[in-house]
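Take 53 as the starting number for the sequence shown in the working numbering and just add one per residue.
Cβ atoms here follow ideal geometry from the backbone N, Cα and C, with glycine treated the same way.
A short worksheet on the structure shown next.
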Amino acid sequence: MDKVKKIIAILLFLTGGVHAQFKQPWLIDARHIKVDTLLWDLNELSKAPQSRWLDDTSAVRSLIYKSVDFEGKPTEVFAYYSNPDIIAGRPATNQKFPGLVLIHGGGGKAFHEWVEKWANEGYAAIAMDLSGNGADGQKVTQPGPEQSNENKFQKIEKGNLKDVWTYHAVASGILAHSLLQSFPEIDPLRTGVTGISWGGYLTCLVASLDSRFIAAAPVYGCGFYDESDVFKQNLNALSPKAKTRWMKFFDPSAYLPYSKPSMFFINGNKDKHYNVGPYIKTYQLSKNKQVCIIPDMPHSHKDGWAPVEIRTFFDGALNGNPRPFVTASTISLENNQLTVILKPIAGKQVASAEFYYTNDMTSDNEHRVWNHIPATINDDAQTIVQPIPKEGYKYAFFYLKDTDGVSGTTVFLKDGKGY
Numbered sequence: 053m054d055k056v057k058k059i060i061a062i063l064l065f066l067t068g069g070v071h072a073q074f075k076q077p078w079l080i081d082a083r084h085i086k087v088d089t090l091l092w093d094l095n096e097l098s099k100a101p102q103s104r105w106l107d108d109t110s111a112v113r114s115l116i117y118k119s120v121d122f123e124g125k126p127t128e129v130f131a132y133y134s135n136p137d138i139i140a141g142r143p144a145t146n147q148k149f150p151g152l153v154l155i156h157g158g159g160g161k162a163f164h165e166w167v168e169k170w171a172n173e174g175y176a177a178i179a180m181d182l183s184g185n186g187a188d189g190q191k192v193t194q195p196g197p198e199q200s201n202e203n204k205f206q207k208i209e210k211g212n213l214k215d216v217w218t219y220h221a222v223a224s225g226i227l228a229h230s231l232l233q234s235f236p237e238i239d240p241l242r243t244g245v246t247g248i249s250w251g252g253y254l255t256c257l258v259a260s261l262d263s264r265f266i267a268a269a270p271v272y273g274c275g276f277y278d279e280s281d282v283f284k285q286n287l288n289a290l291s292p293k294a295k296t297r298w299m300k301f302f303d304p305s306a307y308l309p310y311s312k313p314s315m316f317f318i319n320g321n322k323d324k325h326y327n328v329g330p331y332i333k334t335y336q337l338s339k340n341k342q343v344c345i346i347p348d349m350p351h352s353h354k355d356g357w358a359p360v361e362i363r364t365f366f367d368g369a370l371n372g373n374p375r376p377f378v379t380a381s382t383i384s385l386e387n388n389q390l391t392v393i394l395k396p397i398a399g400k401q402v403a404s405a406e407f408y409y410t411n412d413m414t415s416d417n418e419h420r421v422w423n424h425i426p427a428t429i430n431d432d433a434q435t436i437v438q439p440i441p442k443e444g445y446k447y448a449f450f451y452l453k454d455t456d457g458v459s460g461t462t463v464f465l466k467d468g469k470g471y
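Put into structure tokens, the structure is as follows:
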């Protein structure tokens, strides 16, 4: 009996250590965020918002929840929700589900099918609309800001930072998490967030501010907006003072160094909006990260939620069902040859390896020309070798696939070097 008590005590101690940043009822711990002015009241956002069901009988349900004020007026947010019991049409069980917050991108909405996808894959999921719209695309009774460039950028010139779209969108994302955690079927120690494009940008912010998340997967979106091929134009149109304030308060680079969750950065190598240079700088700010570069990955909501690698990541991080990626532990450069030493993974082997590289620094990111060649997998299946192309490279990465068809890549390599 004493032995059993000791084991229980050890398990409780370990659990307390792993989740020491949490306090019931699962308050955000903001002590790690070392900025001089924090716009968001994270204590208030930790509380489940008032909400009401619009539809509580369908396989994917709909609801309204309260969010922060916009231009001095109260707002509400439309969202979809489901979980594995609801989607299967069965009575609620006593099972605790991992939970996901799903954040759409520019021109998007609360996607019914995105929630349905994750509920069918074993997750409770909530997806909100960040344009003040309901299911029919019409405004809710108390809408928040539209996703316009005016609200995202120019509004900052008027002085009130809390009327900028990002302030409201981040708050609504964190409140969705607080609401999710209040549901009895959710395991509050197994929650994550993923977002696409502008939603990936918001994921970087929300995950950095909300310490309760265990895992986060920003798709495409990153920080350093002032270096984006697209968004730098919006920032350059602001006054110098407003641009500086925007970068200080609303760029993910200001908060990512303090992020607590495991981060999974997934993007293409030729994305129009989130180009290689600022993308590298963004993921380098995160202490606990994995990076996945999908060659020529298209940019859309459906392409952004399709990669099996996202589920692989969350299955490992939240579900106690590790399906780790094939990836490199080190990449060394010697005698003009790159040698990739793979992390040993039980039951996983590299099935294919390609080396992608470019020296095109005159095209924008979307039109940059990349070359790719097969890389040599050594017989031990634990190392990959690749001679440096005679012309060298400005950017490069190894694209790997395991025997299950799941991608695993290196980070971007720069200037003919390893890492």
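Item, Value
"Paired residues, beta bridge with residue 424 - DSSP", "408"
"Separation of residue 85 from residue 427, as counted between CA atoms", "42 Å"
"Range of the contiguous alpha helix (DSSP H) that encloses residue 128", "Element bounds for residue 128: not the alpha helix (DSSP H) but the beta strand (DSSP E), 125-134."
"Spatially closest choice to residue 106 from 93, 91, 128, by CA coordinates", "128"
"Stretch-stretch touch, CB-based, cutoff 8 Å, three pairs: the segment 85-95 with the segment 188-199", "no"
"Rounded straight-line distance, which links the Cα of residue 329 to that of residue 462", "16 Å"
"Rounded C-alpha distance that separates residue 374 from residue 451", "Residue placement at residue 374 cannot be trusted, given a pLDDT of 49 that sits under 50; what the coordinates show is reported in the next sentence. Distance between the alpha carbons of residue 374 and residue 451: 21 Å."
"Of the residues 371, 290, 441, the one placed nearest residue 388, counting alpha carbons only", "441"
"Cα-Cα separation between residue 142 and residue 171, rounded to whole angstroms", "13 Å"
"Residue 459, buried or exposed, once every other Cβ within 10 Å from all chains shown has been counted against 16", "buried"
"Residue 254 versus residue 247 - alpha carbon distance", "7 Å"
"Same chain only: Cβ atoms within 8 Å of residue 379, ignoring 5 sequence neighbours per side", "342, 394, 395, 452, 460, 461, 462"
"Residue 208: first and last residue of the uninterrupted alpha helix (DSSP H) it sits in", "It is not in any alpha helix (DSSP H) - residue 208 carries neither H nor E in the DSSP assignment."
"Contact set for residue 287: own chain, Cβ-Cβ below 8 Å, skip 5 residues either direction", "205, 277, 278, 295, 298, 299"
"Residue 346 to residue 124 span [Cα, whole Å]", "43 Å"
"CB contact check: residue 111 to chain C, cutoff 9 Å", "Checking the listed chains, one finds no chain C in this structure; it contains a single protein chain."
"Alpha-carbon spacing of residue 217 relative to residue 199, whole angstroms", "7 Å"
"Where the beta strand (DSSP E) through residue 319 begins and ends", "314-320"
"Sequence-distant residues of its chain with Cβ nearer than 6 Å to residue 167 (five each side left out)", "112, 132, 134, 177, 179"
"Residue ranges of each alpha helix (DSSP H) within the segment 137-178, 4 or longer", "164-172"
"Inter-residue CB distance, residue 446 and residue 411 (contact presumed, cutoff 8 Å)", "5 Å"
"Cβ contact check for the segment 233-241 and the segment 313-323: 3 or more pairs under 8 Å", "no"
"Cα-Cα separation, residue 231 to residue 210", "32 Å"
"Residues that residue 341 bridges to, as DSSP identifies them", "315"
"Residue 384 burial status per 10 Å Cβ neighbour count (16 or more: buried)", "exposed"
"Residue 436 beta carbon less than 9 Å from that of residue 425", "no"
"Residue(s) in a DSSP beta bridge with residue 93", "Looking at the DSSP assignment, residue 93 forms no beta bridge with any residue, so it has no partner."
"Close beta carbons around residue 340, own chain, < 6 Å, minus the five adjacent residues each side", "314"
"Endpoints, the alpha helix (DSSP H) within which residue 362 is located", "360-370"
"Helix, strand or coil at residue 194 according to DSSP, with G and I counted as helix", "coil"
"Burial state of residue 75 (16 or more Cβ within 10 Å)", "In this prediction, residue 75 scores a pLDDT of 49, lower than 50, which makes its location untrustworthy; the coordinate-derived value is nonetheless stated afterwards. Classification of residue 75: exposed, given that the 10 Å Cβ count is below 16."
"Pick from 100, 98, 138, 99 that is closest to residue 114, judged by C-alpha positions", "138"
"Residues bridged to residue 455 (per DSSP)", "DSSP lists no partner for residue 455."
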